[in-house]
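Scroll down for the structure; my scribbles are underneath it.
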Amino acid sequence: MKTIKILLITFLIKILFAFVIIAQPTQNKVEVLISTFLGNEKRNYYGNEAPNKLNQIWKIWLGEGISPAYGTDKVWKGAGWTGQPLLVRENGTLYLIQGAFDYHLKKIKAETGELVWQYKFEDIIKATGTIWEDKKATNPDNRYIILQGSRLGFWNSHEDRYIPSYRGISYLTGKELWRLNVKKTDSYSRDVDGSALVIDSTAYLALENGIFTVFDPSPLHLERLDDVMQPKIIQEIKYYDDRDIKLHGDDLVSESSPTYLNGRIFTLAGTGRIYGYNVEKKANDWDYYIGTDLNGSAPATDDGCLLIPVEKQYMPGSGGVMKIDPSKSGNKSVVWFYPTPDKKWFHWDGGIIGSISCNDAYVSDTEQHFAVFLDVSGELTVLDHQKLEKGKTVLGPDSITRFNTPIVIAKVNIPGTISTPLIVKDKIIAATDSGLFLYKLVKTGKSYKLDLLDKVDGLPIDATPIVWDKRLYIAVRDGYMYCFGDE
């Protein structure tokens with residue numbers, strides 16, 4: 015009898031143990047492939063492999079929304095600047111994270127374009143998000159968090175005390191985890207267009223109110239601010255001063271995504287200043303003043319420099335591209351400057367609104383290091399960013415200071431854009447206001463040329479694409495998101 019009881023108890027324990035195993039939640043295997051705008055903390059990675067053709071594989075309707083533009087309410091379709099999708103491999107399947115003009119952040123199956131979930135903001139989403147892994151998360155659903163900005167809210171007023179245009183969203187569920195108030199300042203904007211940089215468990219981002227904000231993005235450490243549970247603010251630094259107000263008025267907006275390089279976080283401000291925040295010192299210990307508006311983000315190069323996109327505004331000289339070495343100070347930090355044509359396009363007077371791409375993440379030290387950019391006039395230019403034109407200098411944005419200038423590798427004229435072109439190995443992808451262009455950079459003897467492999471006409475594009483496994487993903491202002499590739 016005793017033996018039977020022991021056997022029965024053993025049997026029941028086995029059943030209970032099996033039930034516990036079955037009842038355990040499935041652990042999602044998540045690999046974040048493209049985690050932020052321009053791929054990584056250096057802003058110089060755009061995907062693993064570009065396609066050879068631009069055949070349409072699928073397209074999905076992203077939707078439309080109303081938001082002000084130049085004094086009137088405007089209907090915005092699809093997605094725009096910066097608008098680059100993020101990419102995640104989850105349990106062997108690829109997913110895109112895309113912000114859209116219909117106010118929604120969307121999780122999309124990359125293979126088919128199928129919508130998985132969407133989360134609604136209060137205004138159109140222009141910004142690219144950042145996905146951060148919270149390794150200390152107690153809730154598995156909250157282990158991967160999307161830090162995402164939007165415009166201030168179509169029904170909100172700039173004067174409101176509370177504008178939650180920056181939020182944390184669970185990647186796995188699409189549920190809101192927190193909201194951050196973008197405070198009222200001297201800046202005209204309370205939007206968020208930049209993509210945060212997260213180091214360990216600390217996030218860094220200059221908001222469009224001109225405040226460089228250091229905060230803890232974990233839902234475990236929320237604090238009550240403005241009667242709302244918000245992420246813990248660690249530090250706030252104003253990225254403008256009274257001199258900037260005199261020159262720029264309330265145009266004190268910071269739109270760029272910060273870059274991490276050699277212990278500093280570099281941010282391009284709309285006041286024409288580049289700030290270098292020392293992570294160890296927790297303070298800015300480097301800056302450089304250009305004076306004109308700086309909208310884009312700065313990729314880091316293998317030789318410890320930054321590639322700066324310069325708009326033509328507030329200064330008498332041309333816009334263009336500047337290579338900065340932040341190990342030096344003042345004008346000694348300028349390695350070279352490349353001016354772009356002073357040609358008006360819509361409400362821009364010239365220069366570059368998007369960002370620069372470089373191939374440093376794809377080549378060895380012994381290979382040529384190229385920079386690629388497309389100005390608003392439509393010049394798609396490839397430079398060797400490590401070589402200078404011997405004996406040649408050009409005037410800088412102030413029209414007084416002269417700088418060295420780099421060697422041009424190849425150039426072609428296409429429609430203008432505020433999008434950022436990509437260089438992935440020997441392929442260059444340029445999204446423009448009237449179509450998508452795919453080039454191959456081909457060496458012919460000692461020189462190079464751009465061979466057009468394929469193009470798609472008629473697509474109005476401000477956003478930046480990504481590539482993966484010979485597919486290209488891009489959101490367009492016609493209301494759709496497209497997947498193009500070799501198939």
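Add 14 to the 1-based position in the sequence shown for my numbering, that's all there is to it. The C-beta atom is built at its ideal place from N, Cα and C for all residues, glycine as well. Just so you know, these numbers come straight off a predicted model, no measurement behind them.
The straight-line gap separating the alpha-carbon atoms of I80 and D207 is approximately 17 Å. With 16 or more other Cβ atoms from the protein chains shown falling within 10 Å of its own Cβ, H399 counts as buried. Spatial neighbours of Y218 in its own chain (CB-CB distance under 6 Å, excluding positions within 5 residues in sequence) are listed in chain order as L211, V228, P272 and I279.
In this structure, the beta-carbon distance from E222 to D241 does not fall below 8 Å. Judged by beta-carbon spacing, G286 lies within the 8 Å limit of G305, meaning their Cβ atoms are closer than that value. The C-beta distance from P233 to N156 rounds to 6 Å, short enough to fall under 8 Å. L261 is classed as exposed because its beta carbon has fewer than 16 other beta carbons within 10 Å across all chains shown. Contact between Y462 and V456 holds: their C-beta atoms lie close to 7 Å from each other, under 8 Å. Taken through DSSP and simplified to helix, strand or coil, S232 comes out as coil. The three-state secondary structure of K441, taken from DSSP, is strand. The C-alpha of S343 lies about 36 Å from the C-alpha of L166. Of the residues R485, N418, D412 and R238, the one whose Cα lies closest to the Cα of V438 is R485.
The region 89-101 and the region 110-130 touch, with no fewer than 3 CB-CB distances between them shorter than 8 Å. DSSP places H383 in the coil class of the three-state scheme, outside both helix and strand. One Cα belongs to A444, the other to A151, and the distance between them is close to 39 Å. Take the alpha-carbon of K140 and the one of S179: they are about 11 Å apart.
For D301, the enclosing beta strand (DSSP E) covers residues A297 to Y303. Between the region 325-338 and the region 405-414, the count of Cβ pairs shorter than 8 Å is three or higher; the stretches touch. According to DSSP, residue pairing for T107 in a beta bridge involves E104.
One Cα belongs to V196, the other to K246, and the distance between them is close to 13 Å. By the C-beta criterion, the region 356-370 is judged to be in contact with the region 295-312, since at least 3 inter-stretch pairs fall below 8 Å. Counting along the chain, the unbroken beta strand (DSSP E) around R278 starts and ends at R278 to L282. Contact check for I423 against L394 fails: the beta carbons are separated by 8 Å or more. Between the alpha carbons of S171 and S164 lies a distance of about 14 Å. H399: member of the beta strand (DSSP E) spanning E393 to L409, first to last residue. Beta-bridge partners of A220 (DSSP): F226. DSSP, read as helix, strand or coil, puts H361 in coil. K406 counts as exposed, since fewer than 16 other beta carbons sit within 10 angstroms of its beta carbon. Contact check for G53 against Q132 fails: the beta carbons are separated by 8 Å or more.
Excluding five sequence positions before and after W362, the CB atoms of its chain that fall closer than 6 Å to its own CB belong to V390, given in chain order. CA-CA distance, L397 to K346, rounds to 21 Å. For I248, the uninterrupted beta strand (DSSP E) run begins and ends at K246 to K252, by DSSP.
Taking Y254 as the centre and dropping the five residues before and after it, the same chain places the C-beta of G224, L266 and T285 closer than 6 Å to its C-beta, in chain order. Shown here, H172 sits in coil according to DSSP, grouped into three states, outside any helix or strand. T380 is classed as exposed because its beta carbon has fewer than 16 other beta carbons within 10 Å across all chains shown. In the three-state reduction of the DSSP assignment, I370 falls in the coil class, being assigned neither a helical nor a strand state.
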